[in-house]
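Participant:
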């Protein structure tokens with residue numbers, strides 16, 4: 097009720113402040129949690145039967161994969177178009193893009209480093225199912241063999257020779273290239289000619305989000321099968337390993353917010369803790385929905401009162417939702433290290449840097465709906481050719497817990513980005529900030 101009351105005092109409706117209250121058993125988070133518990137029980141009491149339920153997780157993963165290519169295309173194109181007229185707001189857009197790339201690179205590098213230091217996945221003791229382990233070894237061998245591919249050949253493979261073929265083959269990097277070129281092509285059109293295409297893309301994007309929601313409604317069934325298989329095949333060791341992975345990821349997110357984002361804020365004379373208190377209602381909503389999209393309308397209204405110009409907020413926030421996903425970057429980087437450790441795939445420094453380069457692109461295609469980061473993570477693992485795809489079932493079982501932290505980190509990262517970019521572009525009003533800083537209600 098506190099969230100709703102606060103929303104009314106801000107002049108927003110109850111519908112904007114919080115989602116309508118549903119029956120507890122209809123909550124997806126509760127359903128996934130219950131299915132996890134049931135999967136653990138079945139896997140422990142009837143291991144053979146639990147192991148046979150792998151097909152349920154596999155079906156869900158297949159449905160997830162159908163969403164990858166169109167999801168990346170729509171998210172990137174809509175994100176570029178949301179930036180507006182590049183000539184008119186080029187300064188803000190350029191600064192924002194540079195900032196996004198720098199901070200995303202830091203997040204990915206920190207995730208890889210923390211994953212290696214924490215040893216996430218090593219305490220699994222390589223107890224992955226023999227078939228999956230064999231697939232992991234086979235994938236690693238193929239990756240090692242393909243590592244001798246020339247740079248020219250690699251560069252050529254990034255660019256598609258067929259618009260539809262890139263989607264049909266699931267070539268994620270090629271889809272990204274198509275999305276970037278198509279997005280900038282739209283920007284080159286006159287506003288009148290571009291408007292109907294923009295509306296059409298937004299309608300398709302909305303419909304596609306509903307498509308993803310339907311798939312995500314099957315998450316409890318997929319979770320039950322994945323967890324029952326993991327526990328039935330591997331025993332309790334996998335539960336300890338997954339619990340350690342979740343705990344380590346939460347520590348990583350807190351470190352990134354306090355140390356990295358805190359240092360950035362301090363550099364621009366902003367307190368990260370004051371900003372967190374200012375958007376605390378949005379953070380509370382995030383903890384319930386695990387989707388950064390749920391608080392975007394509130395942030396678009398709220399952030400101009402913190403100092404950034406309304407034009408900057410309208411440009412940086414929506415673009416950041418596609419190009420500045422710090423929490424997703426942390427999750428993807430630490431996730432690949434977890435899978436490598438769990439399946440005994442020894443990654444060389446060259447391979448880790450290669451994965452970092454791939455994730456710099458693929459992380460930009462993560463959707464803002466709950467589960468979108470896992471979709472793109474699954475695509476990254478598949479496209480890498482190094483890590484076993486079967487390992488996705490392990491992480492999916494605890495993804496709901498991970499998504500709460502990563503989505504919250506995404507929102508906080510975009511709030512910081514909006515303030516920093518506004519300051520760098522000269523679009524920040526110190527008087528407005530001084531007023532909100534002295535307001536007891538913002539503390």
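In my numbering, the protein residues as written are 97 to 539. Glycine residues also receive a C-beta, built at the ideal position from the N, C-alpha and C atoms. Remember, it's a predicted structure, so these values are computed and weren't measured experimentally.
Helix, strand or coil: which one does DSSP assign to residue 524?
Facilitator: Within the chain shown, the letter at position 428 stands for residue 524. Residue 524: strand per DSSP, three-state reduction.
Participant: Would you list the one or two residues that DSSP bridges to residue 404?
Facilitator: One-based indexing of the chain shown puts residue 404 at position 308. 524, per the DSSP bridge assignment.
Participant: What is the C-beta distance between residue 283 and residue 176, in whole angstroms, given that I count them as a contact (C-beta under 8 Å)?
Facilitator: The residue given as residue 283 occupies position 187 in the chain shown. The residue given as residue 176 occupies position 80 in the chain shown. Right, their Cβ atoms sit about 7 Å apart.
Participant: So, is residue 500 buried or exposed, given that buried needs 16 or more other C-beta atoms within 10 angstroms?
Facilitator: As a first step, residue 500 is located in the chain shown; it is residue number 404 there, counting from the start. Classification of residue 500: buried, given that the 10 Å Cβ count is 16 or more.
Participant: Where does residue 406 land, buried or exposed, given buried means 16+ other C-beta within 10 angstroms?
Facilitator: Here residue 406 corresponds to residue number 310 of the chain shown, with the count starting at 1. The residue is exposed, with fewer than 16 neighbouring Cβ atoms inside 10 Å.
Participant: For residue 377, is the classification buried or exposed, using 16 other Cβ atoms within 10 angstroms of its Cβ as the cut-off for buried?
Facilitator: As a first step, residue 377 must be located in the chain shown, where it is residue number 281. Buried, since its Cβ has 16 or more Cβ neighbours within 10 Å.
Participant: Run through the stretch 289–377 for me and flag every whole alpha helix (DSSP H) of 4 or more residues, listed as ranges in chain order.
Facilitator: Entirely contained in the stretch 289–377, the alpha helix (DSSP H) runs reaching 4 residues are, in chain order, 315–330, 333–351, 358–363 and 368–374.
Participant: Touching or not, the stretch 132–140 and the stretch 299–308, by the rule of three or more beta carbon pairs under 8 Å?
Facilitator: No: the two stretches stay apart, fewer than three of their Cβ pairs being nearer than 8 Å.
Participant: Does the distance from the CB of residue 431 to the CB of residue 509 come in under 9 Å?
Facilitator: Counting from 1 along the chain shown, the entry for residue 431 is found at position 335. Counting from 1 along the chain shown, the entry for residue 509 is found at position 413. For residue 431 and residue 509, no; Cβs fall outside 9 Å.
Participant: Ordered along the chain, which non-local residues of its own chain (more than five positions away) have a Cβ less than 7 Å from that of residue 516?
Facilitator: As a working note, residue 516 is residue 420 in the chain shown. These residues qualify, in order along the chain: 195, 360 and 364.
Participant: For the alpha helix (DSSP H) that contains residue 432, what are its first and last residues?
Facilitator: As a working mapping, residue 432 is identified with position 336 in the chain shown. 422–438 is the extent of the alpha helix (DSSP H) around residue 432.
Participant: Tell me which residues share the same chain as residue 212 and place their Cβ nearer than 8 Å to its Cβ, disregarding the 5 neighbours each side in the sequence.
Facilitator: Taking the first residue of the chain shown as position 1, residue 212 is located at position 116. Around residue 212: 433.
Participant: How about residue 169 and residue 278: are their beta carbons less than 9 Å apart?
Facilitator: The residue you call residue 169 lines up with position 73 of the chain shown. The residue you call residue 278 lines up with position 182 of the chain shown. It is a contact, given that the beta carbons lie within the stated cut-off.
Participant: In three-state DSSP terms, what is residue 217?
Facilitator: One-based indexing of the chain shown puts residue 217 at position 121. Here residue 217 sits in coil by DSSP.
Participant: Which same chain residues, not among the five before or five after residue 159, have their C-beta less than 6 Å away from its C-beta?
Facilitator: Within the chain shown, numbered from 1, the residue matching residue 159 stands at position 63. So the qualifying residues of the chain are 311.
Participant: Are residue 320 and residue 152 closer than 9 Å when you measure CB to CB?
Facilitator: Residue numbering aside, residue 320 sits at position 224 when the chain shown is read from its first letter. Residue numbering aside, residue 152 sits at position 56 when the chain shown is read from its first letter. In this structure, residue 152 lies closer than 9 Å to residue 320 by Cβ.
Participant: Take residue 327 and list the residues in its own chain whose beta-carbon comes closer than 7 Å to its own, dropping the five residues that flank it on each side.
Facilitator: Numbered from its first residue, the chain shown carries residue 327 at position 231. Hits under 7 Å: 135, 136, 139, 140, 146, 334 and 335.
Participant: If the criterion is Cβ atoms closer than 9 Å, does the pair residue 492 and residue 403 meet it?
Facilitator: Stepping through the chain shown from its first residue, residue 492 is reached at position 396. Stepping through the chain shown from its first residue, residue 403 is reached at position 307. Against a cut-off of 9 Å, the Cβ pair of residue 403 and residue 492 comes out as no contact.
Participant: Just to confirm the assignment, what range does the alpha helix (DSSP H) spanning residue 393 have?
Facilitator: As a working note, residue 393 is residue 297 in the chain shown. Looking at the DSSP string, the run of the alpha helix (DSSP H) that includes residue 393 is 392–398.
Participant: Please list, in chain order, all residues of the same chain as residue 488 whose beta carbon is under 7 Å from its beta carbon, the five residues on each side excluded.
Facilitator: Within the chain shown, residue 488 is the residue found at index 392, counting from 1. Correct list, in chain order: 157, 474 and 477.
Participant: State buried or exposed for residue 522, treating a residue as buried only when at least 16 other CB atoms are found within 10 Å of its CB.
Facilitator: Looking up residue 522 in the chain shown gives position 426. Exposed: under 16 other Cβ atoms inside 10 Å.
Participant: Do you know offhand how far residue 350's Cα is from residue 286's?
Facilitator: In the chain shown, residue 350 corresponds to position 254, counting from 1. In the chain shown, residue 286 corresponds to position 190, counting from 1. Going from the Cα of residue 350 to the Cα of residue 286 covers about 44 Å.
Participant: Work out the CA separation of residue 498 and residue 126 for me, nearest whole Å.
Facilitator: The sequence position of residue 126 within the chain shown is 30, counting from 1. The sequence position of residue 498 within the chain shown is 402, counting from 1. Taking the straight line joining both Cα atoms gives about 15 Å.
Participant: Tell me whether the stretch 343–357 and the stretch 198–217 touch, counting them as touching only if at least three CB pairs, one residue from each stretch, are closer than 8 Å.
Facilitator: Cβ pair count under 8 Å is three or more, so yes.
Participant: Among residues of its own chain, excluding the 5 on either side of residue 494, which ones have a beta-carbon nearer than 6 Å to its beta-carbon?
Facilitator: Residue 494 sits at position 398 when you count from the first residue of the chain shown. If we look at residue 494 and ignore the five residues flanking it on each side, its Cβ neighbours are 338 and 342.
Participant: For residue 143, which residues of its own chain have a beta-carbon under 6 Å away from its beta-carbon, when the five flanking residues on both sides are left out?
Facilitator: As a working note, residue 143 is residue 47 in the chain shown. Here the set comprises 328.
Participant: Where does residue 246 land, buried or exposed, given buried means 16+ other C-beta within 10 angstroms?
Facilitator: Your numbering for residue 246 matches position 150 in the chain shown. Confidence in residue 246 is poor, its pLDDT being 48 and thus under 50, which makes the residue's placement too unreliable to answer from.
Participant: Would residue 506 pass as a contact of residue 420 if the rule is Cβ separation under 9 Å?
Facilitator: By one-based count along the chain shown, residue 506 stands at place 410. By one-based count along the chain shown, residue 420 stands at place 324. Cβ distance < 9 Å, so residue 506 and residue 420 count as in contact.
Participant: I'd like the list of long-range same chain contacts for residue 148, defined as Cβ closer than 6 Å, with 5 residues on each side in sequence excluded.
Facilitator: Here residue 148 refers to the residue found at position 52 of the chain shown. Closer than 6 Å at Cβ, skipping near neighbours: no residue.
Participant: Comparing C-alpha positions only, which one of 275, 201 and 396 sits nearest to residue 167?
Facilitator: Within the chain shown, numbered from 1, the residue matching residue 167 stands at position 71. When only C-alpha atoms are compared, the closest one is 275.
Participant: Tell me whether residue 256 sits in a helix, a strand or coil according to DSSP, three-state version.
Facilitator: What you label residue 256 is simply residue 160 of the chain shown in a count that begins at 1. Note: residue 256 maps to coil in three-state DSSP.
Participant: Rounded C-beta distance between residue 423 and residue 503? I'm assuming under 8 Å.
Facilitator: Taking the first residue of the chain shown as position 1, residue 423 is located at position 327. Taking the first residue of the chain shown as position 1, residue 503 is located at position 407. Between residue 503 and residue 423 the Cβ distance is about 6 Å, and since that is below 8 Å, they are a contact.
Participant: DSSP on residue 174, reduced to helix/strand/coil?
Facilitator: Reading the chain shown from its first residue, position 78 is the one you call residue 174. It is helical.
Participant: Secondary structure at residue 503, three-state DSSP: helix, strand or coil?
Facilitator: Translated into positions along the chain shown, residue 503 becomes position 407. Residue 503: helix per DSSP, three-state reduction.
Participant: Going by beta carbon distance, what residues of the same chain come within less than 6 Å of residue 388, once the five residues before and after it are set aside?
Facilitator: Reading the chain shown from its first residue, position 292 is the one you call residue 388. Around residue 388: 464, 503, 506 and 507.
Participant: Would you identify the three-state DSSP class for residue 413, choosing helix, strand or coil?
Facilitator: Within the chain shown, the letter at position 317 stands for residue 413. Note: residue 413 maps to helix in three-state DSSP.
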